[in-house]
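Peer 1: Here it is: the structure, laid out below.
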């Protein structure tokens with residue numbers, strides 16, 4: 024088996040995570056170059072893992088002929104530009120989500136991928152979670168029959184700073200976007216209409232910034248199914264990530280992951296572990312699995328499990344949800 | 024303790040159930056008279072339980088001075104008329120849900136109850152389920168803080184005949200009406216807006232009859248919380264009745280009841296019992312508890328847990344949901 | 024269906040419980056007479072339920088020709104005498120456990136039952152618990168194959184007074200005797216050898232009284248299976264009553280019953296309800312079911328589910344366990 | 024942080040597993056040399072991971088001054104010899120269990136470790152399972168009070184070949200030895216007496232080889248607690264590995280790990296995933312954690328979590344259990 028030579032653009036939290044996984048856990052891949060706008064950050068990471076090349080400019084990395092694939096882990100506003108350039112340079116690309124919030128720029132990337140025939144994967148890591156994958160596989164296998172109702176509960180353990188909310192695009196674009204991808208993945212169908220219900224119940228500052236912190240969105244799917252997603256910026260008991268697909272022949276649910284499977288019974292009560300705290304804990308294995316999937320797709324010339332169009336669709340749904348909340352009316356896609 | 028003397032109007036399925044419970048399980052009450060449009064049915068039941076009086080006309084029963092309280096278990100279209108007359112005759116009344124689908128007639132009953140100062144309880148038996156009661160009590164106690172999200176899953180094991188759907192008022196009035204009562208009960212707040220999503224996925228005949236068989240309704244509450252109810256006319260694994268209230272300090276969920284708590288592990292898998300089949304099994308104890316509550320309210324002069332206004336509100340919400348489904352728009356209450 | 028006319032000897036806690044159940048919950052039976060050494064107790068209970076006859080002496084009750092069946096709920100030392108006399112008077116007998124601690128006296132009852140051809144049932148109520156019955160039925164059905172390992176966990180919420188321990192015969196005869204019956208019931212086989220391990224860990228007074236408060240007994244069965252029972256006089260989280268049968272094709276376990284099926288998630292943890300507090304709560308339905316079973320056995324001339332020999336066997340096993348603990352050696356039966 | 028240079032003796036299944044983990048998952052360690060009696064096996068593994076040195080004789084590896092620590096993964100009969108020589112050469116040693124079945128040879132290793140002051144760890148990997156560790160930590164923290172009853176269920180998914188049973192020392196030495204270590208770990212106390220119950224229920228060939236395939240062993244502990252372990256060579260539903268510690272203030276249990284946390288409800292039943300198939304799946308993370316622990320103990324000069332004496336004790340208990348089964352009598356340690 025060939026080893027995939029990877030260049031990583033962006034060595035912040037998520038870039039570091041991917042480099043660590045690529046160097047220690049992901050099969051048949053190695054990082055040969057890194058770059059970051061904070062050069063010292065890239066250099067420190069390179070030193071830690073004996074990565075041979077550190078570039079000052081991402082354009083040098085993209086142009087490096089030794090590199091097979093580029094991971095785009097830079098700031099969100101640069102995703103589509105760097106992804107586009109890497110694709111045009113003939114590189115396979117793994118791009119953190121979202122590709123962009125501008126539909127034209129996303130389309131440009133999609134067109135480039137088609138033109139160059141390279142592999143492209145978007146970082147919707149939750150598709151690789153063992154629980155959600157099992158739910159998806161069960162739906163696909165027909166064991167629950169035709170899907171009728173798709174439900175996603177997705178609640179963060181603590182709210183982001185208001186400053187983040189101001190630039191993130193809001194709850195639908197920075198948080199529920201994962202769930203919009205999830206309902207497409209689980210239902211195997213496209214969303215045709217959304218209606219958004221929202222409230223400011225966690226942090227008034229989020230309301231002042233023009234966003235909501237608690238939201239329920241109902242959805243219609245092309246295959247006739249209906250669905251609902253609920254989000255909260257703060258579940259005090261930890262990261263609450265559950266899904267359920269109900270169909271003509273049955274229902275499949277996925278429960279939260281916990282630090283262990285012990286139960287403690289005392290005079291006070293019968294206690295189980297809380298859900299794993301946040302996404303780094305819950306999706307630790309999923310982050311590895313998504314890169315394993317990307318590397319395999321490239322080396323064995325298979326389709327990626329989350330392609331460029333899968334990067335576009337959740338943005339469209341999120342924008343529709345945003346519009347629904349603003350107008351108080353359902354919005355068709 | 025005095026014994027409450029009860030007259031029962033209507034000895035169909037639910038009337039029989041209540042008579043059985045009153046004669047064997049409910050404390051401090053006894054049935055002294057029954058009546059039914061099918062006289063033989065009333066007579067047979069009276070014989071089984073040694074009930075002294077069988078009336079041919081409900082008006083005789085309502086006029087019987089020995090009777091303290093009247094149970095209205097007749098056909099839905101006669102609920103408000105009989106309830107009104109019983110109230111006006113000074114009887115305490117337990118009335119099966121819904122009081123009526125005509126708001127004017129419900130209001131007439133409410134006014135009569137106020138005028139006569141009698142006890143009035145509507146048959147929303149699920150409030151007396153040990154699980155939902157615990158959820159409600161937990162919300163009231165403040166242990167989950169302020170409620171943010173209220174969720175109800177309510178799915179029947181098998182669809183009713185299409186003929187029933189044609190006269191029942193449809194899924195929102197004959198089925199989800201219980202859940203509209205439930206969200207008021209759990210949230211401790213009033214519904215201010217609904218948006219309904221519906222689909223015909225179980226039985227095309229239900230669609231031809233102008234109804235849906237699968238529905239998701241999102242709700243806004245006066246206290247700022249938001250909520251969602253999902254219904255299906257057919258869950259092949261049995262009666263699926265779960266609720267969840269998520270709040271600022273935690274989340275409480277209630278799971279399904281099962282025939283027993285065994286787990287079987289074989290080479291095929293690890294299997295638990297399915298939910299109890301339908302409402303007669305699941306709410307067996309709740310049917311007893313609601314009458315215990317009614318009898319206690321009368322004998323000890325306490326407010327009933329589900330009063331006449333509680334009978335009106337879910338009808339209003341159901342009608343709004345129906346309108347939302349028809350118009351495709353959210354409807355304010 | 025005929026109604027079984029029952030006379031009850033002993034109106035203490037368990038006698039009262041049975042009378043309540045017979046008068047309100049058990050089908051096709053009514054109590055026509057009661058007696059107790061404390062006459063006032065019998066009289067009060069008779070008044071509460073309109074029971075026509077109150078006898079001063081149990082011999083009068085046993086001789087009453089109107090009575091079909093006698094419930095022996097008197098003090099343990101009188102069980103075998105009263106049961107014997109009732110059987111000899113041609114009455115069907117339901118006898119609280121144990122029949123006796125003297126094997127000769129138990130045998131006398133067994134012989135009398137055989138001679139008179141009456142129905143006889145011992146009050147091993149746990150056989151009628153919905154969970155244990157399902158485990159037993161599953162073993163019998165062959166779904167777990169041949170039973171290999173039978174496990175019973177049985178722990179009381181609080182220790183009895185030391186004064187009780189002094190006269191009760193000790194942990195094996197007053198507590199584990201239920202579990203000895205349970206392993207016979209679950210395995211469908213007879214115990215051939217026991218080895219007892221015991222310790223005084225809950226209350227030193229129990230040790231001073233010559234008993235242990237914590238015990239593990241391993242067993243061998245005639246069918247080749249092996250088993251283990253563990254007992255504690257004090258589980259601070261409530262009445263812990265679980266069983267497991269492991270076999271060649273699978274394993275079936277029964278979990279504890281709880282007040283409801285809610286789960287509360289807060290910053291402190293994820294909490295479920297504790298087990299129901301003690302036997303009156305846990306075996307409430309089983310107490311009714313055992314009498315339903317007895318009444319049905321008499322009226323329909325079927326074998327009782329717990330016959331006189333089933334009353335003898337656990338006493339034999341308990342005595343062997345006691346001897347094993349005293350000698351530190353395994354004891355064959 | 025320094026990197027620990029490791030030499031691995033034995034590149035069979037477990038040796039390969041450790042090398043893979045050391046090269047990809049374990050922190051601050053690298054394998055610099057391997058050896059095996061099957062030279063090709065060692066060479067192939069070295070090639071796969073770019074391990075610089077492949078020795079033909081383990082004595083060369085033990086003598087290599089570059090090597091800090093030796094992993095003894097050779098056949099069981101050579102463990103104590105190689106471990107002894109490595110210790111005497113001043114190497115830190117990680118030795119697969121059991122060190123030996125000969126008590127004198129184990130003692131020789133223990134003495135050598137003491138004399139040379141090196142780190143020594145035995146491969147009781149289950150101590151590093153997240154569930155059992157949590158149970159142990161809970162017991163140590165005092166949250167369940169004083170331990171009264173320690174219970175271990177440990178069942179393999181399929182029996183080993185009879186040929187293996189003939190040389191393995193039997194169920195107590197090759198299988199239950201893990202559980203003897205576990206009860207010491209969980210109780211924090213030493214075993215003082217055992218009584219063994221055994222049966223041949225899975226494979227008559229195992230009986231013909233002089234062993235049992237189903238066993239229950241009860242134990243007494245120095246701290247007064249009592250315990251029980253049950254083993255089966257074949258649980259058709261997978262690897263069944265559960266523990267429970269019951270104490271004066273509560274009870275803590277650890278359930279099985281599963282491939283995911285989904286629940287499927289259909290007309291046939293409510294199904295959860297079976298336990299992970301066998302030890303390679305269940306203890307995957309524990310194998311990594313034990314080496315992380317060993318490396319940390321060496322680099323930071325801390326005691327290992329499973330020392331040489333911990334290697335001796337379970338062998339002593341296993342031999343006592345074997346003797347108990349043979350004699351039918353309890354055996355003191």
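Protein chains in written order, with my numbering: chain C, 24 to 356; chain S, 24 to 356; chain F, 24 to 356; chain E, 24 to 356. By construction, the Cβ of each residue, glycine as well, lies at the ideal position given by its N, Cα and C atoms.
1) Name the two residues that bound the continuous alpha helix (DSSP H) containing residue 8 of chain C.
2) Does the distance from the CB of residue 295 of chain F to the CB of residue 289 of chain F come in under 7 Å?
3) Measuring CB atoms only, is the region 117-128 of chain F touching the region 323-335 of chain F, in the sense that at least three cross pairs come out at less than 8 Å?
4) Could you tell me if residue 349 of chain C is buried or exposed, where buried requires 16 or more neighbouring beta carbons within 10 angstroms of its beta carbon?
5) Looking at the secondary structure, which residues open and close the beta strand (DSSP E) in which residue 64 of chain F lies?
6) How long is the line joining the alpha carbons of residue 57 of chain C and residue 79 of chain C, rounded to whole angstroms?
7) With a cut-off of 7 Å, does the C-beta of residue 277 of chain S fall near any C-beta of chain F?
8) Among C:108, C:112, C:272, C:149, which residue has its Cα nearest to the Cα of residue 129 of chain C?
9) If I'm right that residue 199 of chain S touches residue 106 of chain S with Cβ under 8 Å, what's the distance once you round it to whole angstroms?
10) Using three-state DSSP, classify residue 82 of chain E as helix, strand or coil.
11) State the Cα-Cα distance for the pair residue 62 of chain F and residue 86 of chain F, rounded to the nearest angstrom.
12) Could you spell out the range, first to last residue, of the beta strand (DSSP E) harbouring residue 264 of chain S?
13) So, does the CB of residue 288 of chain F fall closer than 7 Å to a CB anywhere in chain C?
14) Would you decide whether residue 81 of chain S is buried or exposed? Buried here means 16 or more other CB atoms lie within 10 Å of its CB.
15) Under three-state DSSP, which class holds residue 227 of chain C?
16) Relative to the C-alpha of residue 189 of chain C, which residue among C:167, C:42, C:236 is closest?
17) Does the contact criterion of 3 or more C-beta pairs under 8 Å hold for the region 336-343 of chain E versus the region 202-210 of chain E?
18) Using three-state DSSP, classify residue 161 of chain C as helix, strand or coil.
19) Spatial neighbours of residue 301 of chain E within its chain, please: C-beta separation below 6 Å, excluding the five flanking residues on both sides.
20) How would you call residue 238 of chain F, buried or exposed, if buried means at least 16 neighbouring beta carbons within 10 angstroms?
21) Write down the C-beta distance between residue 305 of chain S and residue 283 of chain F rounded to the nearest angstrom, noting that I regard them as a contact closer than 8 Å.
22) According to DSSP, what are the bridge partners of residue 294 of chain C?
23) For residue 260 of chain E, would you say it is in contact with chain S, using Cβ-to-Cβ distances shorter than 7 Å as the test?
24) Determine whether the Cβ of residue 115 of chain E lies closer than 7 Å to any Cβ atom of chain F.
25) Using a C-beta cutoff of 7 Å, does residue 237 of chain S count as contacting chain E?
26) Listed in chain order, which residues of the region 192-208 of chain C have Cβ atoms closer than 8 Å to some Cβ of chain S?
27) Candidates S:137, S:46, S:27, S:151: which alpha carbon is nearest residue 93 of chain S's?
28) Less than 8 Å between C-beta atoms, sequence neighbours within five positions excluded: which residues of the same chain meet that for residue 64 of chain C?
29) Between which residues of its own chain and residue 346 of chain E is the CB-CB distance below 7 Å, once the five residues before and five after are set aside?
30) With burial defined as no fewer than 16 other Cβ atoms inside 10 Å of the residue's Cβ, what is the status of residue 73 of chain S: buried or exposed?
31) Which residue's Cα is closest to the Cα of residue 254 of chain C: C:25, C:53, C:176?
32) With respect to the beta strand (DSSP E) encompassing residue 317 of chain F, which residues constitute its N-terminal and C-terminal limits?
33) Helix or strand or just coil, what does DSSP make of residue 299 of chain F?
34) Can you tell me whether residue 124 of chain E is buried or exposed, with buried defined as 16 or more other CB within 10 angstroms of its CB?
35) Mind checking whether the beta-carbon of residue 231 of chain S lies closer than 6 Å to any heavy atom of the ligand ZN?
36) Could you name the residues of chain S that residue 181 of chain E contacts, counting a contact when the two beta carbons are closer than 9 Å?
Peer 2: According to the structure data:
1) Because residue 8 of chain C is not part of the residues shown, which for chain C are 24 to 356, the question remains open.
2) no
3) yes
4) exposed
5) Taken as a continuous stretch (DSSP letters only), residue 64 of chain F belongs to no beta strand (DSSP E), being part of the alpha helix (DSSP H) at 62-72.
6) 9 Å
7) yes
8) C:108
9) Rounded, the Cβ-Cβ distance is 22 Å, inconsistent with contact.
10) helix
11) 18 Å
12) 263-270
13) yes
14) buried
15) helix
16) C:236
17) yes
18) helix
19) 180, 262
20) buried
21) Actually they are not in contact, since the Cβ atoms of residue 305 of chain S and residue 283 of chain F sit about 13 Å apart, beyond 8 Å.
22) C:287, F:294
23) yes
24) no
25) no
26) none
27) S:27
28) 34, 35
29) 354
30) exposed
31) C:176
32) Per DSSP, residue 317 of chain F belongs to no beta strand (DSSP E); it is in the alpha helix (DSSP H), 307-322.
33) coil
34) buried
35) This structure lacks the ligand ZN, and indeed carries no ligand of any kind.
36) In chain order: nothing, as chain S lies at least about 11 Å away.
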